[in-house]
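Okay, so the sequence shown: first residue is 112 according to the numbering used here, each after it adds one.
We put the CB at the ideal spot given by N, CA and C, even for glycine.
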Amino acid sequence: MGVQQPARVGALLREWRQRRRLSQLDLALLADTSARHLSCVETGRARPSRAMVLRLSRALDVPLRDRNTLLLAADYAPAYQESSLDDEAMASIRSALDTMLASHEPYPAVVVDRLWNVLLGNRAMAVLMDGVPQHLLLPQPNVFRLALHPDGLAQRLVNLHEVRALFLERLHRQVIATGDAHLRALYEEVGGYPVPEDPGAERGGSAGNAPSPIQVPLRIRTRRANWRCSAPWPHSALRPM
Numbered sequence: 112m113g114v115q116q117p118a119r120v121g122a123l124l125r126e127w128r129q130r131r132r133l134s135q136l137d138l139a140l141l142a143d144t145s146a147r148h149l150s151c152v153e154t155g156r157a158r159p160s161r162a163m164v165l166r167l168s169r170a171l172d173v174p175l176r177d178r179n180t181l182l183l184a185a186d187y188a189p190a191y192q193e194s195s196l197d198d199e200a201m202a203s204i205r206s207a208l209d210t211m212l213a214s215h216e217p218y219p220a221v222v223v224d225r226l227w228n229v230l231l232g233n234r235a236m237a238v239l240m241d242g243v244p245q246h247l248l249l250p251q252p253n254v255f256r257l258a259l260h261p262d263g264l265a266q267r268l269v270n271l272h273e274v275r276a277l278f279l280e281r282l283h284r285q286v287i288a289t290g291d292a293h294l295r296a297l298y299e300e301v302g303g304y305p306v307p308e309d310p311g312a313e314r315g316g317s318a319g320n321a322p323s324p325i326q327v328p329l330r331i332r333t334r335r336a337n338w339r340c341s342a343p344w345p346h347s348a349l350r351p352m
């Protein structure tokens, strides 16, 4: 193997270290190695062993998908298998998820992938999806597009500006933590959606509940009444106001 692969894995490790705001010494202590060796790995002067790549990945809290990327960059085979939810091997997991979704009724609930695309939903989701155009549902609905697109829930949210700020903050933190290009593209897309001026939309606020990063208070207008959601993110529990 030439020198390009070690240099590539070193550059990727350096990106993850900087993303986690760690010095080489900090990371070396966490991974039980020396700062000198880590420096040689990052600059491509030393090839890390498979065990070292995994150890550094764990110390950096790198997502499993990206740990495979690091291993491939160092010319090693991936360590983690990726399976579709529809695979036969995932049948028991899907059954458990179906049970959880059903038990959450009559409140809406969904299962999403790492990009917030909806994989599964319970029957109560029809309450939220009523009137949402097909272009937001096909080929696969996305939580952020559904919530913030002008044709989606945004037009029915009483507290759109509050929800938008919390959603974008949550997505931005995930972009920073993962460096995922797809998430960054999603953030730029939904952050660019027009926000209608509605001075009366914010008057109701969130019924006195202060916004927090782990709570997204949704107030939704329906044909029957206004509904309020105040549940830990990303779960939702709607009830009439």
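- Secondary structure of residue 232 (DSSP, three-state): strand.
- If you draw a 10 Å sphere on the C-beta of residue 303, you find fewer than 16 other C-beta atoms in it, and that means exposed.
- Between the alpha carbons of residue 250 and residue 208 lies a gap of roughly 22 Å.
- If you check the CB distance, residue 159 and residue 120 come in under 9 Å.
- The beta carbon of residue 128 is closer than 6 Å to those of 138 in its chain, skipping five residues each way along the sequence.
- In this structure, the alpha-carbon of residue 253 lies about 11 Å from that of residue 231.
- Pairing residue 147 with residue 271, the inter-Cα distance amounts to about 51 Å.
- With fewer than 16 neighbouring CB atoms inside 10 Å of its own CB, residue 145 falls in the exposed class.
- Residue state for residue 179 is assigned as helix, using DSSP reduced to three classes.
- Beta-bridge analysis with DSSP links residue 221 to 232.
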